[in-house]
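**Q** For reference, each letter of the sequence shown is one residue, going 32 to 314 in the numbering used here. Structure in structure tokens, see below.
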Amino acid sequence: MNGHIPVLFVEGNSLAEAWEKSVLEAYQKGCDIKTEYDKPEDPPSKDCSMTVVIHDPLAEPMIHRDMPGGLEDLQEYVLEVVEGIKDHCVRNADDPNDTKWEYTYHQRLFDYAVPGIEKPFDQIELIAQKLAKVPYTRRAQAITWKVWEDNTCYDPACLQSIWCRLLKGENDTWYLNTNVRFRSNDAYKAAFMNMFALIQLQQKIADRITELSGKKVKLGRYVHQADSYHIYGSYFEEFKNRFLNAIESRDFDQRTYNYSDMKDIMEEAIPAIRKKAANMCRD
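This is the structure we're talking about:
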């Protein structure tokens, strides 16, 4: 140990390929370090600073079978991030007795409230408007951190920023390149769903730019950066038995799904997911 946190890089054509590579790289080359969530008996986590490049975010196979959770959970998370089906669960920051959630990513991105300013900022709409007007601008970004709240809250936002820029390719087609940064990202139990949902958000931004500008916009590369990309020691046994065992016993095709094959199943669950979310945090 030289006191340096490893800085690691992986790339893949599809989400499933790149995520799997990133988890293996973090496990094999990450440093051993404790976290603020550890119990005394927990082993240290594997940790690194990670950059993941997904060259074709919508390429198949898109879904990894060994993501924690199922297809309905994945669909629910997409709706939470992209549509805000759980924004009503966010606590009232002016009420110290309100113990609901500190944030949702949708609320921070689409409804970013600042004390003293009456109207919240729809940062995703602002990204689309900026890029529709000036495709090469370097100012099209959204942030989540609220310095007046997040430095003292128990559960501050892990996602920090989304940055987008357009580059023109062949046949008069523009490509939306997206960089996402997390301060902290659970490589095994959170990163896949984070990436999947944020790629859906990337598509939403691209569609909105097309609507505003008339330009044909497709998805360019998606870059996922995490200052702390970690595998918790508390679940090492589960990780080894499920994820690592699958790597050793099944080929890549057996470890993945095509999203196109699963999309109808996932979308059939949407009405029940919406009903479930609507009933949350109502006590």
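For each residue, glycine too, the CB sits at the ideal point set by N, CA and C.
Which residue comes first and which comes last in the alpha helix (DSSP H) that contains L89?
**A** No alpha helix (DSSP H) holds L89; DSSP gives it neither H nor E.
**Q** Relative to the C-alpha of R286, which candidate in I94, E67, C62 has its C-alpha closest?
**A** I94
**Q** Could you say which of R252, V248, Y219, K247 lies nearest to L229 if we only look at CA atoms?
**A** R252
**Q** For Y185, is the classification buried or exposed, using 16 other Cβ atoms within 10 angstroms of its Cβ as the cut-off for buried?
**A** Classification for Y185: exposed.
**Q** So what's K70 in DSSP terms, helix, strand or just coil?
**A** coil
**Q** Grab me the residues of A173's own chain with a C-beta within less than 7 Å of its C-beta, minus the 5 sequence neighbours each way, in chain order.
**A** Excluding its 5 nearest sequence neighbours in each direction, A173 has C-beta neighbours in its own chain below 7 Å: L140, Q154, I155, I158, S192, I193, listed in chain order.
**Q** Got a sec? Which residues, its chain only, sit under 6 Å from V109 by beta carbon, not counting five neighbours each side?
**A** A228, Q231
**Q** Would you mind giving the Cβ-Cβ distance between A218 and S53, rounded to the nearest angstrom? I have them listed as a contact below 8 Å.
**A** Confirmed, about 6 Å.
**Q** So K117 packs on M311, CB below 8 Å; how close in whole Å?
**A** 6 Å
**Q** Going by the DSSP bridge assignment, what does M21 pair with across the sheet?
**A** Past the boundaries of the shown model lies residue 21; the chain is included only from 32 to 314, so the question cannot be answered.
**Q** Under the rule that 16 or more other beta-carbon atoms within 10 Å means buried, what is Q138, buried or exposed?
**A** Its Cβ being crowded by 16 or more others within 10 Å, Q138 is buried.
**Q** Quick check on the burial criterion: 16 or more other C-beta atoms within 10 angstroms. Buried or exposed for I236?
**A** buried
**Q** Using three-state DSSP, classify T183 as helix, strand or coil.
**A** Three-state result, T183: coil.
**Q** Give a single yes or no on whether I236 has its beta carbon closer than 8 Å to a heavy atom of the ligand MG.
**A** With respect to the ligand MG, the structure offers nothing, as it holds no ligand at all.
**Q** Spell out the partners DSSP gives R212 in its beta bridges.
**A** S192, Q256
**Q** Tell me the rounded alpha-carbon separation between P88 and N44.
**A** 7 Å
**Q** Is there contact between the region 194–204 and the region 164–171, where contact requires at least three CB pairs shorter than 8 Å?
**A** yes
**Q** So for G101, helix, strand or coil by DSSP?
**A** coil
**Q** Here's the rule I'm using: 16 or more other beta-carbon atoms within 10 Å means buried, otherwise exposed. How should K70 be labelled?
**A** exposed
**Q** Compute the distance between the beta-carbons of S265 and R214, then report whether it is under 9 Å.
**A** no
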